[in-house]
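Chemist: Okay, handing you the structure first.
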Amino acid sequence: MKRIPTGSQERYRLLVSDGEWSSSFAMLATHLNCKVTEGVITNNCIIQMNRYVCNTVQGNKKLGLNMKPHINQTSYQQNQPHINQIPYQQNHPHIYQIPYQQNQPHIYQIPYQQNQPHIYQIPYQQNQCQVLQAAQCQLLSLEQASMLPRQLLCQVQWTVCVRVNNKTDIRTWSNSRGEGKLFSMDLIDESGEIRATAFNEQVDKFHDTIELNKVYFISSATLKPANKQYCNLMNDYEMTFNKMTEVTPCHEVTSIPTMQFNFVPIDQLESLNKDTLIDIIGVCKEAHDISTVIQKTSGRELKKRDMQLLDETQREVRLTLWGSQAENFDGSQQPIVAVKGAKLSDFNGRCLSTIASSAVQINPDIREAHKLKGWFDNGGCNIGTVNLSNQRSGFGGANDTFKTFGEAMAEKLGSIESDFYKNKAYITLIRHDNSVYAACPSDNCNKKVIDLNNGMYRCEKCGREYDTFQWRLMLQMNLMDCTNTVWATAFHDIAEEILGTTAENIGNLKETDHDAFTKFFINATFKEYVFNLRVKMESYNDEGRLKTSVNGCKPLDLKEYNKLLIDEIEKLSGVSKGEC
DNA sequence: CCCCCCCC
C-alpha cells in the first residue's frame, strides 16, 4: 500500500492479490482513506471488496480499481508468508473470495474499445437499464485527471439508481453573473451519495415530479467538483442536471438506504474548525421555546428554536433549528435528533446550527439512534455532562480572550478568517471628518444617501428617494495599548456611547457649531476601555487589508481585569493562588 | 449558473 505522492487529494494505491492474480492498480476510494489511517487496512491484511469497479485506462495498459465502501472482513494474518499466496478457500467463499465475475450484476465494466477510441460504451445487459452506482460517478470524475481519458465522462451513457433525500424548495438568485432559480437534492445508493442540483428549465421539468424519499433512475447529468464548504456529502463531486438528464421512477423494491450519516461524537466538536459541516446525533435533553430574531442584513423576522443535544461522550451542545423545522419540533419526549450537514460555530465555545441544506431526522430508525436511546434511558439521562455551549463570555472564552495589539499582529489575526479578541486600550485620536453621514431613513438599511439638493435624498441600496434622512456615526479611532496602536472603526450605537451624545446631535452641530462638534471628539480621547474587537481581511482596491471593527466597548472593570492579571502571573510563575 | 442560511 502506498500513498500516491501527487495531488492535493490524499489517495492510496494498493497491491491486491487473491493468491493467484494480483493487481497493483487498486485505487482506494477516497472516502475510505480513514480505513488506512484507522489501521483497518494494513499491509498483508485480507479484505473483502463487496463493491468495486474496473476500468481500462491509458491505452489498455492499466487496470484501475476503485474500491467501494463495504469492506466486511478484514484480518491481519501475522504469519502470512507472502502476499501472492493467500489461499483461495473454496468452502469459505464469502470470506476470502474476491468476486470478479463477468456476469455478476453489481460489477460494471467500462470496456475501452481499441478500434473506436472515442466511443466508450457501457453494454446493455439483459435489456435492462444499465445501472452504475452513485460512487462510480465519483470514480469517473475523480480518475479522469490521472487515469481516464478526458472525454470519457460526457460520452459514457451512465445511469444511477438512487434514492432522493433532502430535496430543497425552489430558490431564486440574482447577482452580477445573472439570475435564475434552482433546487438541489441529495442522492444516495448503497455505495455512496452525491449532491445534485437542477437549474432553471430543469427546475420546471423536475421539481414537481421528483418526490422526496423515492427511488429513481437518473441518467446523463454533469459532474463537477464539489465545494466542500457548502456540502459535507461523502463525494468529491456533485451533479448538475442538464438538457440530456432523464429521471425515471424505479418501482422495484431496492435495498437503497434512506440516509447515510457520518456522525461526529459531541466531544470531538471542540477539535474541529468553525464553519465545518458535520453530521450529529444526540438526545434532545431539553428544547427551548420557539423565538424570533431579526436578521441583521435584511431585517427579516426569523423563527428559531434552541435545544441541547447530548450523547454518550457525556458532552452536550446547543443545536439551533430554523423556520418550519423550529416550529414543528416537539422536544417534550426527549427524542433522538440526527442532523446531516449541521454547521459548527464557535459561539460561546461550540454550538451547532442547521443551514438550508441540513437534513433533520427525529427518532430515525437507525442503529445509532437506538443505541443512544438505550444508553439515555438506562442511566445516561442522570449522568453529569459537560456543556460545550455555555462558556461564559468574559475571560477565557474561545473568541473572547485578551490580547495586546502586539500579540494580535504577531498572530496575524484576521488574515485567514474573522478573529475576535478583547483588549484594554486608550482612544488616542478620533478622526472628525467623515465621522457622521446622512443615511437612509428606512430600518436596517443605514446606507449613505445622495443629497439631490431638492429636498430629496436618494438611497442607491433601496433604489428610491426619501424626503428625509437620519444621521449615523462611523468613527475611525486610533487605539493604543502598551505594545502598539491600531485603527479601528466604531459604528453608530457604540460611537454614540464613546462620544457621549447622539448621532443626530453630532450631525446637526457639524453644520451649525463646529467648535462644539469638535469638543465631543476631543473629550472622548485618552479614555480607557475594554474593547471587543473583530479583525477581518477586506479587499480594498483589489488589495487585502486587515480591518478592525469595534463590536463592543465598556469601561474597565478592575475586579475582572485583576483576575486576568493574577491568572497570567500564575501561568508565568507556576505558583497558584493557594500556594501564595 | 447556487453557495444566502440568519440571532446571541
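Numbering (the UniProt record's numbering), first residue to last: 1 to 580.
Quick reminder that beta carbons are idealized off the backbone N, C-alpha and C, glycines included.
If you measure from the CB of glutamate 511, is any heavy atom of the ligand ATP nearer than 6 Å?
Modeler: By its list of ligands, the structure shown contains no ligand whatsoever, and the ligand ATP lies outside what it can speak to.
Chemist: Applying the 10 Å Cβ sphere with the 16-neighbour rule, what's the burial state of aspartate 204?
Modeler: Exposed, since its Cβ has fewer than 16 Cβ neighbours within 10 Å.
Chemist: Starting from the C-beta of threonine 548, find all residues in its chain whose C-beta is less than 6 Å away, skip the five residues before and the five after it, and write them out in chain order.
Modeler: Cβ within range, chain order: Val486, Ala488, Leu533, Val535.
Chemist: Assess, as a yes-or-no matter, whether the region 247-261 is touched by the region 295-304 under the definition of 3 or more beta carbon pairs within less than 8 Å.
Modeler: Taking 8 Å as the limit for Cβ pairs, the verdict is that the region 247-261 does not touch the region 295-304.
Chemist: Rank Val283, Val575, Thr297, Ser324 by C-alpha distance to the C-alpha of glutamine 334 and give the top, closest one.
Modeler: Closest by alpha carbon: Val283.
Chemist: Nearest to tyrosine 12 by alpha carbon, out of Phe261, Phe25, Lys373?
Modeler: Nearest C-alpha to tyrosine 12: Phe25.
Chemist: Give the single residue among Lys296, Glu286, Asn328, Met477 whose Cα lies nearest to the Cα of glutamine 308.
Modeler: When only C-alpha atoms are compared, the closest one is Glu286.
Chemist: Please determine, among Thr512, Leu499, Ile506, Lys510, the residue with the shortest C-alpha to C-alpha distance to alanine 524.
Modeler: The shortest C-alpha separation from alanine 524 is found at Leu499.
Chemist: To the nearest angstrom, how far is the alpha carbon of leucine 277 from that of isoleucine 290?
Modeler: So the two alpha carbons sit approximately 24 Å from each other.
Chemist: Mark residue 581 as exposed unless 16 or more other C-beta atoms lie within 10 angstroms of its C-beta, in which case mark it buried.
Modeler: This structure cannot speak to residue 581, because the chain is shown only from 1 to 580.
Chemist: Pick out the complete alpha helix (DSSP H) segments inside the region 497-530, 4 residues or longer, and give them in chain order.
Modeler: Fully enclosed alpha helix (DSSP H) runs of 4 or longer: 503-512, 514-524.
Chemist: Using only CA atoms, which one of Ile430, Ser389, Lys403, Ile383 lies nearest to aspartate 346?
Modeler: Selected option, being the one with the closest Cα: Ser389.
Chemist: Over what stretch of residues does the beta strand (DSSP E) that includes serine 24 continue unbroken?
Modeler: First-last of the beta strand (DSSP E) with serine 24: 22-28.
Chemist: Cutting at 6 Å between CB atoms, please list the residues of its own chain near isoleucine 506, excluding the five before and the five after it.
Modeler: Hits under 6 Å: Val436.
Chemist: So isoleucine 194 packs on asparagine 235, CB below 8 Å; how close in whole Å?
Modeler: Right, the Cβ-Cβ distance comes to about 5 Å (below 8 Å), so this counts as a contact.
Chemist: Which residue or residues does DSSP assign as beta-bridge partners of valine 293?
Modeler: Paired residues: Leu302.
Chemist: Residue range of the alpha helix (DSSP H) that isoleucine 569 falls in?
Modeler: Its alpha helix (DSSP H) spans residues 558-573.
Chemist: Do valine 162 and aspartate 186 have their C-beta atoms closer together than 7 Å?
Modeler: No, they are not a contact pair.
Chemist: Name the two residues that bound the continuous alpha helix (DSSP H) containing lysine 167.
Modeler: That residue, lysine 167, is in no alpha helix (DSSP H); it is neither H nor E in DSSP.
Chemist: Does DSSP classify alanine 382 as helix, strand or coil?
Modeler: Rather than alanine, the amino acid found at residue 382 in this sequence is asparagine. Of the three classes helix, strand and coil, the one that applies to asparagine 382 here is helix, per DSSP.
Chemist: Give me the residue from Gln268, Asn446, Cys445, Arg464 with the minimum Cα distance to leucine 452.
Modeler: For the residues Gln268, Asn446, Cys445, Arg464, the minimum Cα distance to leucine 452 belongs to Arg464.
Chemist: Alpha carbons only, please: which of Ser220, Thr502, Thr258 is nearest the one belonging to threonine 245?
Modeler: Of Ser220, Thr502, Thr258, the residue nearest in Cα terms is Ser220.
Chemist: From alanine 145 to tyrosine 237, what does the alpha carbon distance come to, in whole angstroms?
Modeler: Confidence is the limiting factor: at alanine 145 the pLDDT is only 26, short of 50, which leaves the residue's position unreliable and the question unanswerable from this model.
Chemist: Is the distance from the Cβ of alanine 439 to the Cβ of glutamine 476 below 7 Å?
Modeler: Going by C-beta atoms, alanine 439 is not nearer than 7 Å to glutamine 476.
Chemist: Could you check the C-alpha separation between isoleucine 383 and leucine 310 for me, to the nearest Å?
Modeler: Their backbone Cα atoms lie some 10 Å apart in a straight line.
Chemist: Determine the direct distance from the alpha carbon of leucine 223 to that of leucine 152, and round the result to whole angstroms.
Modeler: Note on leucine 152: pLDDT 46, under 50, position unreliable in the model; no value is reported.
Chemist: Leaving out the 5 sequence neighbours to the left and right, which residues in its chain are closer than 7 Å to leucine 14 when beta-carbon positions are compared?
Modeler: Closer than 7 Å at the Cβ level, and outside the excluded window around leucine 14, lie Met1, Ala26, Leu28.
Chemist: Near histidine 288, what residues of its chain come up, given a Cβ to Cβ distance below 7 Å and the 5 sequence neighbours on each side ignored?
Modeler: The residues are Arg305, Asp306, Met307.
Chemist: Under 6 Å Cβ to Cβ from glutamate 560, same chain only, skipping five residues before and after it: list those, please.
Modeler: Excluding positions up to five away in sequence, the list is empty.
Chemist: Counting along the chain, where does the alpha helix (DSSP H) carrying aspartate 443 start and finish?
Modeler: Unbroken run through aspartate 443: none, as it is neither H nor E.
Chemist: Assuming contact is defined by CB atoms lying nearer than 7 Å, are glycine 414 and leucine 546 in contact in what I supplied?
Modeler: Against a cut-off of 7 Å, the Cβ pair of leucine 546 and glycine 414 comes out as a contact.
Chemist: Note down the Cα distance separating phenylalanine 263 from phenylalanine 420, rounded to an integer number of angstroms.
Modeler: Whole-angstrom Cα-Cα distance: 29 Å.
Chemist: Considering just the uninterrupted stretch of the beta strand (DSSP E) at aspartate 186, what are its terminal residues?
Modeler: 178-189 is the span of the beta strand (DSSP E), which, as asked, contains aspartate 186.
Chemist: To the nearest angstrom, how far is it from the Cα of lysine 422 to the Cα of isoleucine 430?
Modeler: The straight-line gap from Cα to Cα measures roughly 20 Å.
Chemist: Confirm, please, whether the CB-CB distance from arginine 472 to asparagine 444 is below 7 Å.
Modeler: It is not a contact, given that the beta carbons lie outside the stated cut-off.
Chemist: With a threshold of 8 Å on Cβ separation, who are the neighbours of alanine 342 within its own chain once the five nearest residues in sequence on each side are excluded?
Modeler: The answer, listed in chain order, is Leu277, Ile278, Asp279, Ile280, Leu319, Leu352, Ser353, Thr354, Ile355, Ser358.
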